Amino acid sequence: MDNQQITVTSPLLPGLDELNEYLRDIWSRKWITNNGHWHQELEKELCGYLKVPYLSLFTNGTLPLITALQALRITGEVITTPFSFVATTHSLWWNGIKPVFVDIDPSNCGINPDCIEAAITPRTTAIMPVHCYGKPCDTKRIQDIADKYGLKVIYDAAHAFGVEVDGEGILNAGDMSTLSFHATKVYNTIEGGALIVHDAKTKQRIDYLKNFGFAGETTVVAPGINGKMDEVRSAVGLINLKHVDEAIEARHKVAVAYREGLKDIHGISYFEDMSGVRHNYSYFPIFVDAEQYGMTRDELYDKLKSRNIYGRRYFYPLISEFSTYRGLESATKENLPVAHRIAEQVICLPMHHQLSEEDVNRILETIVEK
Ligand SMILES: *Cc1c(COP(=O)(O)O)cnc(C)c1O
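Here you go:
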């Protein structure tokens with residue numbers, strides 16, 4: 612059928628036979644949550660895959676953000692990006708922390724290190740950058756600024772599963788990093804997430820915090836939360852981990868085809884791979900320059916939709932435009948010119964491991980014809 616729906620993403624799903632085997636095992640153990648056997652296995656396997664020393668699983672990707680801020684006792688103001696999914700800034704709000712937005716760098720859509728120092732006040736305690744689309748932030752420069760001013764750095768790495776820079780896992784940067792294993796991400800446990808830390812003591816503390824603060828049967832060391840992942844989703848994670856490299860390779864092929872098809876289109880730009888980086892191709896954003904392309908982003912977005920092709924305007928509106936945040940001094944358009952421009956230009960094209968060549972061609976034809 613010519614006009615079949617093309618969605619922006621398709622989940623990496625475990626094979627039912629494989630899943631069944633795990634389910635039988637879980638049912639026979641009768642240990643279905645609270646740091647069970649498969650939960651421990653998945654933590655171990657993920658540490659290996661992601662090249663990180665310690666990782667704590669969570670039930671989604673928002674709770675590790677909230678918990679990281681708790682664990683590091685972050686207060687006052689945190690410098691962050693408006694160009695992300697709302698959960699980044701919501702995690703600050705849930706901790707009673709004031710977000711301070713700074714502009715982004717158009718080369719990776721991450722926080723612009725040049726803008727950070729001017730936003731620091733005596734109340735600033737941390738920086739929360741996002742590896743947007745899985746593009747690595749300039750972690751060295753961000754760390755230099757953090758060290759100079761005595762700030763913590765917590766990376767929202769929800770998009771950056773498996774991303775490496777010069778052979779090193781990106782998740783080792785900063786004080787802590789968080790992942791989301793939501794169904795729409797490159798790698799999923801249906802719902803899920805993780806907090807990556809650098810030492811055993813901190814991992815222990817995170818494990819207390821995600822279990823109500825319990826450090827033993829009768830000891831509660833902090834006002835913790837319930838963030839525990841169960842055995843069934845841990846099993847889904849173990850199965851999907853075996854297939855994630857293939858999925859990333861399939862996404863890579865889609866990215867190559869998109870770039871080839873768009874390279875001569877005036878007014879459409881996109882990211883090239885960065886040298887030394889293992890990308891995960893979690894998203895394929897294109898940026899529409901309306902004047903050169905002859906059509907606005909929204910016109911192209913609607914045209915794609917009319918052909919049953921569903922892109923996403925990630926990230927539009929900016930977080931700083933939502934009612935909770937738009938009253939902040941740092942939320943003004945003047946403070947965030949690049950973020951505003953990109954939010955008006957971006958469409959993330961459909962990107963997943965099952966996108967066929969025909970689908971890709973249909974998407975390209977829709978963009979190329981005018
Ligand atoms: C998906 C996502 C989250 C939230 O993850 P959930 O697992 O949906 O709670 C946080 N930050 C970013 C940048 C995301 O894309």
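When we follow the numbering used here, the leftmost residue of the sequence shown carries the number 612, and every step to the right adds one.
We put the beta carbon where it would ideally sit given N, CA and C, even for glycine.
Given the structure is predicted, the values throughout are model-derived calculations rather than measurements.
Reference residue i; option with closest CA among the options
i	options	result
tyrosine 869	Asp841, Cys959, Gly647 and Glu688	Cys959
proline 948	Thr800, Pro717 and Arg844	Pro717
isoleucine 727	Asn719, Ser621, Tyr744 and Asp755	Asp755
glutamine 681	Asp818, His863, Leu790 and Phe926	Asp818
lysine 662	Gly626, Ala730, Glu857 and Val808	Val808
threonine 735	Ser931, Asp758, Gly835 and Ala861	Asp758
aspartate 784	Ile801, Leu806 and Thr795	Reading the sequence as shown, one finds alanine at residue 784 and not aspartate. Comparing Cα positions, the closest option is Leu806.
glycine 848	Asn614, Ser639, Thr644 and Leu657	Leu657
threonine 686	Pro896, Arg908, Glu632 and Ile708	Ile708
cysteine 748	Phe694, Pro733 and Thr800	Phe694
arginine 816	Leu915, Tyr665 and Arg889	Tyr665
serine 880	Glu860, Ala901 and Ser967	Ala901
aspartate 970	Glu945, Glu932, Gly922 and Arg937	Gly922
threonine 943	Leu782, Thr692, Arg908 and Gly827	Thr692
glutamate 779	Arg973, Ser934, Gly659 and Gln615	Gly659
valine 867	Asp884, Val855 and Val979	Asp884
glutamine 965	Glu857, Phe696 and Glu828	Glu857
leucine 915	Asn972, Phe933, Glu828 and Arg952	Asn972
arginine 908	Lys655, Glu945, Arg952 and Lys641	Arg952
phenylalanine 933	Arg635, Lys641, Phe696 and Ser639	Phe696
Proximity of residue i and residue j at Cβ, strictly below 7 Å
i	j	result
leucine 975	alanine 950	no
asparagine 891	valine 797	yes
aspartate 786	glycine 887	no
glycine 803	proline 675	no
serine 941	glycine 745	no
valine 832	glycine 824	yes
phenylalanine 898	glutamine 956	yes
lysine 814	serine 667	yes
alanine 730	valine 713	yes
serine 845	leucine 653	yes
leucine 683	lysine 763	yes
arginine 889	glutamate 775	yes
proline 622	asparagine 822	no
Integer-rounded CB distance, given that residue j should sit under 8 Å from residue i
i	j	result
isoleucine 690	isoleucine 617	About 38 Å; that fails the 8 Å criterion.
histidine 770	histidine 742	6 Å
proline 740	glycine 761	With 8 Å as the limit, proline 740 and glycine 761 do not qualify as a contact, their Cβ atoms being about 17 Å apart.
methionine 962	valine 843	That belief does not hold up - the Cβ atoms of methionine 962 and valine 843 are roughly 27 Å apart, past 8 Å.
alanine 811	threonine 789	With a Cβ gap of about 19 Å, alanine 811 and threonine 789 do not count as contacting.
threonine 670	methionine 840	5 Å
arginine 918	threonine 977	5 Å
isoleucine 850	glutamate 629	5 Å
proline 710	isoleucine 753	Not confirmed; about 17 Å, so no contact.
glycine 905	lysine 853	Not quite, the Cβ-Cβ distance comes to about 46 Å (not below 8 Å), so this is no contact.
glycine 773	isoleucine 715	Not a contact, Cβ separation roughly 23 Å.
Own chain partners of residue i with C-beta closer than 8 Å, once the 5 adjacent residues on each side are dropped
i	result
glutamine 903	His877 and Gly878
methionine 612	Any reading at methionine 612 is ruled out, since the residue's pLDDT is 48, under 50, leaving its predicted position unreliable.
isoleucine 643	Ile637, Asp841, Glu842 and Val843
isoleucine 677	Ser702, Trp705, Asn706 and Ile836
tyrosine 912	Gly922, Arg924 and Ile958
glycine 626	Ile850
glycine 938	none
Cβ neighbours of residue i in the same chain (closer than 6 Å, five flanking residues each side left out)
i	result
asparagine 706	Leu680
threonine 750	Ala784
leucine 624	none
threonine 620	Thr795 and His963
tyrosine 927	Ala954
glycine 872	Leu975
tyrosine 633	Ala846
tryptophan 649	Glu842, Ser845 and Ala846
asparagine 614	Asn919
glutamate 968	none
asparagine 719	Lys746
Short CB-CB distance (under 7 Å) between residue i and chain B
i	result
glycine 659	Among the chains in the structure shown there is no chain B, since it carries only a single protein chain.
Residues near residue i in its chain [Cβ-Cβ closer than 7 Å; skip 5 each side]
i	result
threonine 732	Glu688
tyrosine 936	Thr700, Pro710, Ile930 and Ala942
isoleucine 801	Ala794, Arg844 and Val847
isoleucine 910	Here residue 910 is glutamate; the residue named in the question, isoleucine, does not match the sequence. Excluding sequence neighbours, glutamate 910 sits near nothing in its chain.
proline 834	Gly824
alanine 826	Tyr819 and Val832
With distances taken from each beta carbon to the nearest heavy atom of ligand 1, which residues come in below 6 Å, in chain order? The answer, residue by residue, is Asn671, Gly672, Thr673, Ser695, Phe696, Ala698, Thr699, Val741, Asp767, Ala769, His770, Ser791, His793 and Gly804.
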